[in-house]
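Residue numbers (the working numbering), protein chains in the order written: chain U, -1 to 491; chain R, 644 to 811.
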């Protein structure tokens, strides 16, 4: 079977790509209106929503960037998923019901639509749309870069291609992504999430056992190898240290409730009581899938340190190298296919919210009505992919660092306005506008000027704290805001 | 004494902001930061004093959990007084225990590579298994008391009918 390793892996990936095209065509037939394109008709079931919530969170960031960070820094990045249940709890206690209730008022098709409904302010809607577009670029770039790196690894390992550049791999990845997203909209994304989620859970469990059997002493031997080289790397704070890791804990614990591609799905399920089943479904799915993040990263670090594998030229290759060289070819093919599914469906979800922000929310905020909106939604999807691909190609960052930047941008702009503001009647539009603007300014200034923060504190944590403080204090200092009576009824429940 | 959730959250945020501002002013010594591995350039190794600022880390964790609790308490505002008080106590206890678990890790100087629990050194095992899974308790509360704490299907249907009647 080893002789056919590459054809088997390529076969699985090709079969998955074919499946993607078929899902896209099926979803195209199911998508008849902008409500279907952006909100999946608001009748998703428990399993579909639960899997969509957790698999949107993992994506290329979790499956390529996660193992890369563990390989590079040891246990530090594990805080990003150790806190996930705290994040899910916050999202479900504060948002699952509230967003579903708001979705009943005035048929909103995007998060900025709901923000406008809550604050009764077009400018707030426009600012939220802008924050989403900027965050989407960072995050979408992560997905495209992750997909291209994996594709390049697979193709370069095959016998029929001598060398393919990352640029060509990006072109191939974007072409498939654009076709999939333009045809299917959110319907394609959520149903692929279901398939992808199932593959990822199954694949991650098998990968975990493969890592367990890689060294005779299992994880204990891996821990010993890493610990003898640098005890801090296998300690709870990794190489980054306590403050850096704790700031990641804060951003990911609070920020989970501020990821628009995830919380938008809380407007799509059918019955309110479904929320209590969606929560455990998402937690269980995330837990099993995250095994891949931890186990591959640690295994590759131990393999390199012990001299069993040569050093990786790029940390982002950790997952694909492990799958290529240390797993059964069928398992590798299956996980690669799942990995592509993860990236594609999350990228599709980002394209979906980014497109809605550009062709629906921004024009709405300035009072323009776009005709033939479904057509323009598809044109904008294409343009967004192109810009994100260029960002990914020329930013020069690791997949996980780009992902963490996107996460932090969303968290600082959305957590105060949505998580707090949707549950607190005293919140005002002025506070929301100041908070979104400040969070964007802090995040982008630090990124562009490449400012180093003492104690390795994540900039996402700082901008989140400042934006929350501004939001609450300005609201308390402003006059009591006007709230639409339907919105007030939803907030009283 | 009546708990004003927004004031509680605001004080927590002010506290956390002051803590972070202090960190930004007091720059740590160079040995705090992780550095490149001497043999493998793609790997990082920990700085010599990276884990030596236990009290800073705990104060930051305290502020962080305060803000988390303040946000979480906002979800109880619609409940009647007795129910609200009960769930707020549960949430506060939950957060205190979570902070205690973080404190265990922060003040533990044990990176003894002789004793392992489920494949990891003791403090790493506490992080993965206790800090990671303890929040399931709150998820259980959400699922078990959904109708009492969150909403019943009947209230949702009547809200839908109310909105439909407004639209007519």
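Using N, Cα and C, we set each Cβ at its ideal position, and we do this for glycine too.
Less than 7 Å between C-beta atoms, sequence neighbours within five positions excluded: which residues of the same chain meet that for residue i?
i	result
residue 644 of chain R	For residue 644 of chain R, the predicted model reports a pLDDT of 48, less than 50, meaning its position is unreliable; a value from the coordinates is still stated below. No residues qualify anywhere along the chain.
residue 336 of chain U	194, 197, 198 and 201
residue 6 of chain U	327, 328 and 331
residue 700 of chain R	749
residue 756 of chain R	764
residue 62 of chain U	144, 147, 148, 314, 317 and 397
residue 387 of chain U	142, 168 and 172
residue 322 of chain U	151, 155 and 330
residue 277 of chain U	86 and 90
residue 758 of chain R	765
residue 751 of chain R	766
Under 9 Å, do residue i and residue j count as touching if we go by C-beta distance?
i	j	result
residue 496 of chain U	residue 289 of chain U	There is simply no residue 496 of chain U to check, as chain U begins at -1 and stops at 491 in what is shown.
residue 383 of chain U	residue 142 of chain U	yes
residue 802 of chain R	residue 488 of chain U	yes
residue 334 of chain U	residue 21 of chain U	no
residue 229 of chain U	residue 689 of chain R	yes
residue 792 of chain R	residue 678 of chain R	no
residue 462 of chain U	residue 410 of chain U	yes
residue 303 of chain U	residue 68 of chain U	no
residue 270 of chain U	residue 794 of chain R	yes
residue 76 of chain U	residue 254 of chain U	no
residue 493 of chain U	residue 453 of chain U	Beyond the ends of chain U as shown, which are -1 and 491, falls residue 493 of chain U; an answer cannot be given.
residue 108 of chain U	residue 385 of chain U	no
residue 298 of chain U	residue 455 of chain U	no
residue 360 of chain U	residue 124 of chain U	yes
residue 799 of chain R	residue 391 of chain U	no
residue 661 of chain R	residue 281 of chain U	no
residue 272 of chain U	residue 43 of chain U	yes
residue 636 of chain R	residue 274 of chain U	For chain R, the structure presents residues 644 to 811; residue 636 of chain R sits outside this window and is missing.
residue 60 of chain U	residue 279 of chain U	no
Going along chain R, which residues have a C-beta under 9 Å from residue i?
i	result
residue 494 of chain U	Any answer about residue 494 of chain U is impossible in this case: the structure gives chain U only from -1 up to 491.
Please list, in chain order, the chain U residues whose beta carbon lies closer than 7 Å to that of residue i.
i	result
residue 786 of chain R	274, 277 and 278
residue 805 of chain R	487
Cβ closer than 7 Å: which chain R residues qualify as neighbours of residue i?
i	result
residue 262 of chain U	The premise fails here: residue 262 of chain U is roughly 19 Å from chain R at the closest Cβ pair, so nothing lies under 7 Å.
residue 73 of chain U	767
residue 267 of chain U	Simply none; closest approach about 11 Å.
residue 218 of chain U	759 and 762
residue 95 of chain U	793 and 794
Identify the contact partners of residue i in chain U, using a Cβ-Cβ distance below 8 Å as the criterion.
i	result
residue 796 of chain R	269, 270 and 271
residue 694 of chain R	230, 233, 235, 239 and 240
residue 661 of chain R	None at all; the shortest Cβ gap to chain U is about 10 Å.
Determine the chain U residues that contact residue i at a beta-carbon separation under 9 Å, and present them in chain order.
i	result
residue 791 of chain R	Correct list: empty, because the minimum Cβ distance to chain U is about 11 Å.
Could you tell me which chain B residues have their CB closer than 7 Å to the CB of residue i, listed as they occur along the chain?
i	result
residue 809 of chain R	In the structure shown, chain B does not exist; the protein chains are U and R.
Given that residue i touches chain R, what residues does it touch there, using C-beta distances under 8 Å?
i	result
residue 80 of chain U	770, 771, 774 and 775
residue 9 of chain U	Residues of chain R passing the Cβ test: none, with the nearest at roughly 31 Å.
residue 470 of chain U	649, 652, 653 and 656
residue 313 of chain U	685
residue 87 of chain U	715, 778, 781, 782 and 785
residue 452 of chain U	666, 667, 669, 670 and 671
residue 70 of chain U	685, 686 and 687
Beta-carbon within less than 6 Å of residue i's beta-carbon, same chain only, minus the 5 sequence neighbours each way: which residues are those?
i	result
residue 722 of chain R	none
residue 41 of chain U	268
residue 364 of chain U	none
residue 591 of chain R	Residue 591 of chain R lies beyond the residue range present for chain R, which begins at 644 and ends at 811; the question has no answer from this structure.
Going along the chain, which residues of its own chain have a beta-carbon closer than 8 Å to the beta-carbon of residue i, five neighbours each way excluded?
i	result
residue 374 of chain U	357 and 368
Taking 8 Å as the cut-off, is the beta-carbon of residue i closer than that to any non-hydrogen atom of the ligand SAM?
i	result
residue 732 of chain R	The ligand SAM is not part of the structure shown, which contains no ligands of any sort.
Segments of 4+ residues assigned as alpha helix (DSSP H) that fall wholly inside the region 344 to 385 of chain U: 360 to 363
Ranges of the alpha helix (DSSP H) found wholly within the region 176 to 239 of chain U, counting only runs of at least 4: 216 to 227 and 229 to 232
Contact the region 240 to 251 of chain U vs the region 76 to 92 of chain U: 3+ CB pairs below 8 Å: yes
Stretch-stretch touch, CB-based, cutoff 8 Å, three pairs: the region 348 to 355 of chain U with the region 130 to 140 of chain U: yes
In chain order, each alpha helix (DSSP H) run of at least 4 residues that lies wholly inside the region 740 to 810 of chain R: 765 to 768, 779 to 787 and 796 to 810
Minimum length 4: unbroken alpha helix (DSSP H) runs contained in the region 261 to 344 of chain U: 273 to 303 and 316 to 324
Residue ranges of each alpha helix (DSSP H) within the region 68 to 155 of chain U, 4 or longer: 77 to 80, 82 to 89, 95 to 100, 109 to 117 and 120 to 155
The region 705 to 724 of chain R touching the region 733 to 747 of chain R, judged by at least three CB pairs closer than 8 Å: yes
Meets three-Cβ-pair contact criterion under 8 Å: the region 166 to 178 of chain U and the region 144 to 151 of chain U: yes
The region 440 to 449 of chain U touching the region 685 to 704 of chain R, judged by at least three CB pairs closer than 8 Å: no
Three CB pairs or more closer than 8 Å across the region 411 to 431 of chain U and the region 460 to 475 of chain U: yes
At least three beta-carbon pairs within less than 8 Å, the region 434 to 441 of chain U to the region 726 to 733 of chain R: no
Stretch-stretch touch, CB-based, cutoff 8 Å, three pairs: the region 96 to 113 of chain U with the region 306 to 324 of chain U: no
Any alpha helix (DSSP H) of 4 or more consecutive residues that is wholly inside the region 417 to 475 of chain U: 427 to 447 and 457 to 475
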